[in-house]
Amino acid sequence: MCRCTAEPAALASFSAQAAKLHAKFITRIVFVIQLYKRMPIQFCLLMLLLVSAGCGESGPPKAKVYNVSGTVTGGTGSLTGCTIVFHPVDPKESSALGTIKEDGSYSLEATDGRRGCPAGQYKVTLEITPEAVKEAMMKSMSSGQQGPPPGLSDGPFPESYRKVETTEKMVEVKEESNKIDIQL
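Residues in the sequence shown are numbered from 58 upward in steps of one, following the numbering used here.
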């Protein structure tokens, strides 16, 4: 059996406060209903305005992006399917990346999905994607070659291009359409 050990005076005080809050809430509800009955169109517009005020994007405005494309050449094997990543020198900016096509061409996309890249200085890295590994394996098997394809284990590009800290390549994206070719 549960016994209430609170003082009766404290319970009465709490009950009185709850009753006051309840009365204020009911008064506000009645006011809203009366407002709706007197001016239904204005009431609906006011509610629409209040609801839509919370909608939309929040946070800082996004930086303008500029088209960036080019060709990656060199390396020890096919770069098809590898990912090229532009890492910003300015930590406030975000990276941009693109997939290298069979002819070595690429075009960048910002990490938020917009086509392009914000203007600024960038370090360039390359990544081997699962698609690139699969393609290299298929080509190796179709040619009758035994073992892993050449350049697959260490990559078809210099080791230094794998990490931001060791990459040798720096580029600048200008406030215009950019063609940036990368020679490994």
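The beta-carbon is built from N, C-alpha and C at its ideal position, and this holds for glycine as well.
These numbers come from a predicted model, not from an experiment.
Strictly by DSSP, which residues pair up with residue i?
| i | result |
| --- | --- |
| glutamate 229 | Gln178 |
| leucine 154 | Val142 and Glu166 |
| glycine 127 | Tyr163 |
| lysine 240 | For the sequence presented, residue 240 should be read as glutamine rather than lysine. DSSP lists Thr130 as partners of glutamine 240. |
| leucine 105 | DSSP output for leucine 105 lists no bridge partner at all. |
For the ligand FAD, is there any heavy atom lying closer than 7 Å to the beta carbon of residue i?
| i | result |
| --- | --- |
| threonine 130 | Absence of the ligand FAD is noted for the structure shown, with no ligands found whatsoever. |
In terms of residues, what are the limits of the beta strand (DSSP E) holding residue i?
| i | result |
| --- | --- |
| isoleucine 141 | 140 to 145 |
So which of the options has the shortest CA-CA distance to residue i?
| i | options | result |
| --- | --- | --- |
| valine 230 | Ile86, Ser151 and Met194 | Ser151 |
| glutamate 222 | His144, Lys191, Phe88 and Asn124 | His144 |
| glutamate 242 | Lys149, Val142, Met194 and Glu233 | Since the first residue of the chain shown is 58 and the last is 241, residue 242 is not available in this structure. |
| lysine 226 | Leu165, Asp238 and Glu233 | Asp238 |
| glycine 155 | Lys196, Leu103, Val181 and Gly132 | Val181 |
| leucine 241 | Lys149, Met96, Ile86 and Gly131 | Gly131 |
| threonine 128 | Lys119, Met194 and Ile157 | Ile157 |
| lysine 220 | Glu232, Tyr179 and Val190 | Tyr179 |
Are residue i and residue j closer than 8 Å when you measure CB to CB?
| i | j | result |
| --- | --- | --- |
| glycine 134 | proline 213 | yes |
| alanine 167 | valine 122 | yes |
| tyrosine 163 | serine 217 | no |
- Query: Does the region 71 to 91 come close enough to the region 127 to 147 to have 3 or more Cβ pairs within less than 8 Å?
  - Reply: Taking a cut-off of 8 Å for Cβ pairs, the region 71 to 91 and the region 127 to 147 do not touch, as fewer than three such pairs fall below it.
- Query: For the 8 Å Cβ check, are there 3 or more pairs between the region 161 to 175 and the region 195 to 203?
  - Reply: No, because fewer than three Cβ pairs between the region 161 to 175 and the region 195 to 203 fall closer than 8 Å, the two stretches do not touch.
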